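Undergrad: Going by my numbering, the letters in the sequence shown line up with residues 82 to 400, in that order.
For every residue, glycine included, the Cβ atom is placed at its ideal position computed from N, Cα and C.
Here the structure is a predicted model, which is why all the values come from computation and not from measurement.
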Amino acid sequence: MTEDSDGIALTGLPTEARNPRTTDLDLLTTRELLARINQEDARVPDAVAAALPVLAEVVEEGVACLGRGARIHYFGAGTSGRIAALDAAELPPTFSLEPDRVVAHQAGGATALTSAIEGAEDRVEDGEAAAAVLRPGDLALGLAASGRTPYVSGVLQAARRNGAATALISANPTAPLAPLADWHVAADTGPEAVAGSTRLKAGTAQKLLLNTFSTAVMVRLGKTYSNLMVDLSASNEKLRRRTLTILGEASGADEATCRATLEAAGGSLKVALVMLLAGVASAPATRALEEASGKVRGALDALGVGRATSAGGQDGGRG
Numbered sequence: 082m083t084e085d086s087d088g089i090a091l092t093g094l095p096t097e098a099r100n101p102r103t104t105d106l107d108l109l110t111t112r113e114l115l116a117r118i119n120q121e122d123a124r125v126p127d128a129v130a131a132a133l134p135v136l137a138e139v140v141e142e143g144v145a146c147l148g149r150g151a152r153i154h155y156f157g158a159g160t161s162g163r164i165a166a167l168d169a170a171e172l173p174p175t176f177s178l179e180p181d182r183v184v185a186h187q188a189g190g191a192t193a194l195t196s197a198i199e200g201a202e203d204r205v206e207d208g209e210a211a212a213a214v215l216r217p218g219d220l221a222l223g224l225a226a227s228g229r230t231p232y233v234s235g236v237l238q239a240a241r242r243n244g245a246a247t248a249l250i251s252a253n254p255t256a257p258l259a260p261l262a263d264w265h266v267a268a269d270t271g272p273e274a275v276a277g278s279t280r281l282k283a284g285t286a287q288k289l290l291l292n293t294f295s296t297a298v299m300v301r302l303g304k305t306y307s308n309l310m311v312d313l314s315a316s317n318e319k320l321r322r323r324t325l326t327i328l329g330e331a332s333g334a335d336e337a338t339c340r341a342t343l344e345a346a347g348g349s350l351k352v353a354l355v356m357l358l359a360g361v362a363s364a365p366a367t368r369a370l371e372e373a374s375g376k377v378r379g380a381l382d383a384l385g386v387g388r389a390t391s392a393g394g395q396d397g398g399r400g
C-alpha cells in the first residue's frame, strides 16, 4: 500500500483507485479516448446533485456571513486552490462584491497558481498559518479532492480555534477531514479516467460546487433581479454595453432612455432600474434600495410596485 507523508494509505481513497471502465485507455483511438473521458465526465452532475442538500446549508451560512460583515475564505492546494482562486476572482466584476469579502488562499502562495510547488500541500503548519486571517463569524471552505490534504487539515483546525464556521468540499464521502468541518460537501465522483488525476472529475465537481455556492449566495444577497446581473461592475466597454442591455431587458425601456436614466442614477444599474420600474427619481430610488439592503424587489415593494413588475415578464422569485 502506498502512503503519503501524513500516513494515510492513498490506495484506500476513492479518488486514487483504478477505474475499471478505463483500463484500456492507452489502446483507444483518439475519438474513442475522448468519448470514454466524456462518459466519465457525464457522471459528475449527478454526484454534484447528491451533494446539494448539504451545500444548501453552507449557502445559508455564507449569506449570513456576508450579511453580518464577515468574510468567506477558500483554501486549497494544487487544482483545488486554483479553482478556488478562479471563483473568488470572478465575484467582484460580476456582482460588484468588494475583493476582500470572498478570498482564495492557495497552498504555496501565488506562485503555486501557475506552477506546481512540491510539498506545499503536505504541511499542516502552512494551513494553520494561512488560517490566521480568520475571525469569529467568518466562513472557511477547505477544498480537498481526497478529503485528507494536510494543508486543509491545518486550515480547518485553526479555523475552529479562531471561531470561524467550516466546510469541507471533497470527492470522498468518507473523507478523513470531515470530522474537522461543520459541513462536509462530498461529490462522490469515483475513480478518475486516469487513476489519481483529480484535476478531472473531482476538479470539475469542485468547480460546479463553487460556482453554485457563490452564485446562490450572491442571488440571496440581492445581487440579481430575476436572472439579470444588476450589481454588475461596468469596468470595460463590454460590461458597459451589457449594463445597458440588462437595463433594457429588465425595464423594457429603449436605449436612449436607459442611457439617460443611468446617467441620472450616477451609473448605478440598480438605482436606474428602480427609477424606471417605479417611475421615481434617483433620490427615492436610492433610499428605497438602502432600506431594502440593496434588493431591487424589496425596493420596488416599498415603492408600491411589488411583484406585478418582473424582468422579462416572468417572476424570478427572490432577489
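Between which two residues does the alpha helix (DSSP H) containing Thr247 stretch?
TA: Residue 247 sits at position 166 when you count from the first residue of the sequence shown. Note, Thr247: premise wrong, no alpha helix (DSSP H); beta strand (DSSP E) at Ala246 to Ser251.
Undergrad: How big is the Cα-Cα spacing for Ala98 and Asp107?
TA: Your numbering for residue 98 matches position 17 in the sequence shown. Your numbering for residue 107 matches position 26 in the sequence shown. Within the model, the alpha-carbon separation for Ala98 versus Asp107 is close to 17 Å.
Undergrad: Here's a check: name, in chain order, each residue in its chain whose Cβ is nearer than 6 Å to the Cβ of Ser234, leaving out the five neighbours to either side.
TA: One-based indexing of the sequence shown puts residue 234 at position 153. If we look at Ser234 and ignore the five residues flanking it on each side, its Cβ neighbours are Val205 and Leu258.
Undergrad: Could you have a look at Thr255 and say whether DSSP puts it in helix, strand or coil?
TA: Within the sequence shown, numbered from 1, the residue matching residue 255 stands at position 174. DSSP places Thr255 in coil when its eight states are reduced to three.
Undergrad: Using CA coordinates, which residue listed in Glu330, Thr338 and Gly375 is at the minimum distance from Val352?
TA: Numbered from 1 along the sequence shown, position 271 holds the residue referred to as residue 352. For Val352, the nearest C-alpha among the options comes from Gly375.
Undergrad: Let me make sure I understand the geometry here. Which of Thr230, Thr296 and Arg323 has the alpha-carbon closest to that of Thr279?
TA: Along the sequence shown, one-based indexing puts residue 279 at 198. Taking only the C-alpha atoms, the option nearest Thr279 is Thr230.
Undergrad: Check for me: the alpha helix (DSSP H) holding Ala240 runs from which residue to which?
TA: Looking up residue 240 in the sequence shown gives position 159. Under the DSSP assignment, Ala240 falls in the alpha helix (DSSP H) whose first and last residues are Pro231 to Arg242.
Undergrad: Within 10 angstroms of its Cβ, does Ala123 collect 16 or more other Cβ (buried), or is it exposed?
TA: Locating residue 123 in the sequence shown gives position 42, where the first residue counts as 1. Per the 10 Å Cβ criterion, exposed.
Undergrad: Mind checking which residues open and close the alpha helix (DSSP H) that includes Leu320?
TA: On the sequence shown, position 239 is the one that residue 320 refers to. Taken as a continuous stretch (DSSP letters only), the alpha helix (DSSP H) holding Leu320 covers Glu318 to Ser332.
Undergrad: Contact check, Ala283 vs Thr270 under 8 Å by CB: the rounded distance?
TA: Indexing the sequence shown from 1 puts residue 283 at position 202. Indexing the sequence shown from 1 puts residue 270 at position 189. At roughly 5 Å, the Cβ-Cβ gap stays under 8 Å, so Ala283 and Thr270 are in contact.
Undergrad: For Leu109, I'd like the list of residues in its chain whose CB is within less than 7 Å of its CB, leaving aside the five on either flank, ordered along the chain.
TA: On the sequence shown, position 28 is the one that residue 109 refers to. The residues are Arg117.
Undergrad: Taking the alpha-carbon of Leu289 as reference, which of Ala252, Leu220 and Ala274 has the nearest alpha-carbon?
TA: On the sequence shown, position 208 is the one that residue 289 refers to. Of the listed residues, the one whose Cα sits closest to Leu289 is Ala252.
Undergrad: Per DSSP, what kind of secondary structure is Leu222 in: helix, strand or coil?
TA: Within the sequence shown, numbered from 1, the residue matching residue 222 stands at position 141. If DSSP states are grouped into helix, strand and coil, Leu222 belongs with the strands.
Undergrad: For Asp87 and Asp203, I'd like the C-alpha separation in whole angstroms.
TA: Mapped onto the sequence shown, residue 87 falls at position 6. Mapped onto the sequence shown, residue 203 falls at position 122. Confidence at Asp87 is low in this model, with a pLDDT of 46, below 50, so the placement of that residue is unreliable and no value is reported for it.
Undergrad: So who's on the other strand from Thr305, going by DSSP bridges?
TA: Translated into positions along the sequence shown, residue 305 becomes position 224. According to DSSP, Thr305 bridges with Met310.
Undergrad: Leu222 and Ala245: beta carbons closer than 8 Å?
TA: As a working mapping, residue 222 is identified with position 141 in the sequence shown. As a working mapping, residue 245 is identified with position 164 in the sequence shown. Taking 8 Å as the cut-off, the Cβ atoms of Leu222 and Ala245 do not count as close.
Undergrad: How big is the Cα-Cα spacing for Val355 and Asn119?
TA: To locate residue 355, count along the sequence shown from 1; it is residue 274. To locate residue 119, count along the sequence shown from 1; it is residue 38. Each residue's alpha carbon lies about 45 Å from the other.
Undergrad: Nearer than 7 Å: is that true of the beta carbon of Thr195 relative to any heavy atom of the ligand MN?
TA: Judged by which ligands are present, the structure shown has none, so any question about the ligand MN falls away.
Undergrad: Which runs of the beta strand (DSSP E), 3 residues or longer, sit entirely within the region 110-186?
TA: Taken in chain order, the whole beta strand (DSSP E) runs of length 3 or more contained in the region 110-186 are 153-157.
Undergrad: Secondary structure at Leu384, three-state DSSP: helix, strand or coil?
TA: The count along the sequence shown starts at 1 and reaches residue 384 at position 303. It is coil, neither helix nor strand.
Undergrad: Closest to Pro254 by CA distance: which of Ala248, Ala268, Asn243 and Thr247 is it?
TA: As a position in the sequence shown, residue 254 is number 173, starting the count at 1. The candidate whose alpha carbon is nearest that of Pro254 is Ala268.
Undergrad: By the 10 Å Cβ neighbour count, where 16 or more other Cβ atoms means buried, how is Pro95 classified, buried or exposed?
TA: As a working mapping, residue 95 is identified with position 14 in the sequence shown. Classification for Pro95: buried.
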